[in-house]
DNA sequence: TCAGGAATGCTTTTT
DNA sequence: GCATTCCTGA
């Protein structure tokens, strides 16, 4: 069976089993570096070889980038086109567009990003007559997101929580928020999933059609699916059961987004005949790196034991180093990279990972200083720019005049003498009469409170937009160019450029790039402006990553998922950073942070460099840091500041697999601290012990001080005195 | 209407 | 430390 003309590589026995399992459900539990993606692409090829039409195959990936890479691989195997490869979100947009009547979603909806969501939620809170201080927008959005992921609507939630004041408030805000989205003819990210999941659940006809369209379904990174995504996958395969999912519970890092490892367990229940294949061999990383990863992940208690079997020979290197502060840390990392570049390593085969985006700053500066080419893997860079957002707002308004967010953004950009006061009046009128904002503007002569001069300006604006709407069938790039010139945006940017020296203007270049991308879209894709806009809304950070850029990649640990590099540096191994401050109160979240570090470590093929700094400045305050417990758990002992920088080979670690750290504990006979004790600190004053982590001489005390601050302190430096 | 300065607050990770 | 919002005065 292995003489498939598409398959050129030799596969292991388990991989073969996963590739050639044709009918029925299949669960692939695959560790890092086990060739998971290759299994999926080969499986696609194998299905086609067996006579399945490519159009009947659907593979769902975690990012658009992953889908693109998968497509390239499939093309390289000479598989004919037509396989549907995309993320859950893109797939949902397609389904909702196709079945817009059944789903009760209009065709031209806008997709709202976080900044849109934020202003909608603020409005929703205001309408519920609640205070932003007691009901912070971010929290409300989080709560609503969770409800949507669990497919619960506002009314159901309110009914289910009678008598609970806070929940009633959340429910009200949720209801208002949905009303606002509906008025704007907009869906947020969670709506896309929820609407699709409900469509599949409640409409057997649609479900049946989709089951016939996609006869074979594959889902990658299954451990990171949330409940809504789980329901979608299940619904899409319900009638034929040809569903293949791959995942690794140890790499689940999206719990905060509602991802549920339980979906893997549920898989076996939903598909009782599921064949389970485990891929434990690791073809990516050297055994030294895998040993560290294995020691680390073994510290997770709620975990099924799984082996990491190295397929590569020994010879990988782990360096760990503690530096004075983040600048020293960054320049150390730059030095590490520089040396490797000089010794002939490829820049595109190197990456630096960090826990939070803000940590890229210091690294960037050090890289610039050392003339190291780098790319930051974050798409917000481009799509977050003002001029791009303005352009897109015009386009959104053209396809969806109900989009108030877009309208408010550009009605006075460039300046047309329509100010905040006028906008507020219009919005208030629109809300009170339940007339769309655009219609209010078109018929503004009725509004007495607006001066005649302003009315004329409003009319002119409305006419301009209506004029553009007539051209909606134009190629996207042409329409964009027309909008750019006729709105005055071009002149404005040109004028700004003239005041800058050199006449070179990044904003102008950015818009040119946007128009370029539209041109590419026009040539390669079917569909018009609506499709273009909806696709752009789903573009994300990792999508800007170029694997052959000749640059070192800088990214968060979350972005690193699914990628691999020869040489990897991970910075900020400090308590409060990794694990992150917001996770340290919950054992469950600490385990997720541990998995995050695990993902980071297992990206490295040949070399891993782990750093921390003794002092770090966070929100303008410089504090002494505390070592991350993960360092000890992984058995990574570092060279300290002041000493010569030197590397050590992993085999130098004396005790393997965690024993190292337990013996340290047994040296320390009694715990000097326990939770609840009242203590005093020289600088911070009185406080109560919240947690005590007994790590021998590296023990950590977490103290809540009277000032309200919660601080992790390293026992040997903290100099705490016990009051009671 | 709008610019500019002061005050406030907020900080994880992403589709 | 930075971004956003708030507030004031022209």
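Numbering (our numbering), first residue to last: 8 to 731. Heads up, the beta-carbon is just placed ideally off N, CA and C, and yes, glycines get one too. Everything numeric in this text was worked out from a predicted model, so none of it was measured.
Between which two residues does the alpha helix (DSSP H) containing residue i stretch?
i	result
residue 324	Looking at the DSSP string, residue 324 is not in any alpha helix (DSSP H); the run it does join, the beta strand (DSSP E), is 324-330.
residue 184	172-190
residue 638	636-640
residue 566	564-567
residue 102	95-105
residue 270	269-277
residue 66	From DSSP, residue 66 is part of no alpha helix (DSSP H) but of the beta strand (DSSP E) over 64-68.
residue 533	First-last for residue 533: undefined, no H or E at that position.
residue 448	444-449
residue 71	71-83
residue 294	294-304
How far does the beta strand (DSSP E) with residue i in it extend, from its first residue to its last?
i	result
residue 572	572-577
residue 285	282-286
residue 59	No beta strand (DSSP E) holds residue 59; DSSP gives it neither H nor E.
residue 195	193-195
residue 36	33-37
residue 250	250-254
residue 225	223-226
residue 613	611-620
residue 629	628-631
residue 118	117-119
Below 8 Å on the Cβ atoms is my contact criterion, and I expect residue i with residue j to pass it. Report the Cβ-Cβ distance as a whole number of Å.
i	j	result
residue 229	residue 248	No, residue 229 and residue 248 are not in contact; Cβ-Cβ is about 16 Å, not under 8 Å.
residue 319	residue 290	7 Å
residue 40	residue 292	6 Å
residue 6	residue 402	Here the chain has residues from 8 to 731 only, and residue 6 is not among them.
residue 472	residue 225	Incorrect: roughly 43 Å between the Cβ atoms, too far for contact.
residue 601	residue 304	7 Å
residue 37	residue 286	4 Å
residue 361	residue 579	6 Å
Here's the rule I'm using: 16 or more other beta-carbon atoms within 10 Å means buried, otherwise exposed. How should residue i be labelled?
i	result
residue 589	exposed
residue 232	buried
residue 283	exposed
residue 626	exposed
residue 315	buried
residue 167	exposed
residue 530	exposed
residue 619	buried
residue 197	buried
residue 155	buried
residue 477	exposed
residue 22	buried
residue 347	buried
residue 722	buried
residue 172	exposed
residue 420	buried
residue 681	exposed
residue 685	exposed
residue 453	exposed
residue 146	exposed
residue 599	buried
Out of the options, which has the shortest C-alpha to C-alpha gap to residue i?
i	options	result
residue 59	37, 42, 29, 79	29
residue 261	624, 564, 503	564
residue 391	342, 182, 239, 546	546
residue 119	87, 193, 50	193
residue 107	367, 187, 210	210
residue 557	56, 295, 597, 354	354
residue 216	245, 237, 338, 132	245
residue 298	79, 446, 643, 104	643
residue 186	131, 213, 49, 43	131
residue 417	490, 373, 101	490
residue 596	324, 307, 19, 461	307
residue 125	25, 237, 331, 143	143
residue 624	591, 608, 406, 583	583
residue 98	32, 84, 221, 157	221
residue 18	296, 42, 35	42
| query | Which ranges does the beta strand (DSSP E) cover as unbroken runs of at least 3 residues, wholly within the stretch 333-416, from first to last along the chain? | reply | Within the stretch 333-416, the complete beta strand (DSSP E) segments at least 3 residues long are 357-361, 381-383, listed from N- to C-terminus.
| query | Can you list the beta strand (DSSP E) stretches of 3 or more residues lying completely in the stretch 198-243, in chain order? | reply | You should have 223-226.
| Every unbroken beta strand (DSSP E) inside the stretch 431-485 [3 residues or more] | Scanning the stretch 431-485 from its first residue to its last, no whole beta strand (DSSP E) run of 3-plus residues comes out.
| message | Which complete beta strand (DSSP E) runs does the stretch 119-143 hold, if anything under 3 residues is left out? | response | As far as the stretch 119-143 is concerned, it has no whole beta strand (DSSP E) run of at least 3 residues.
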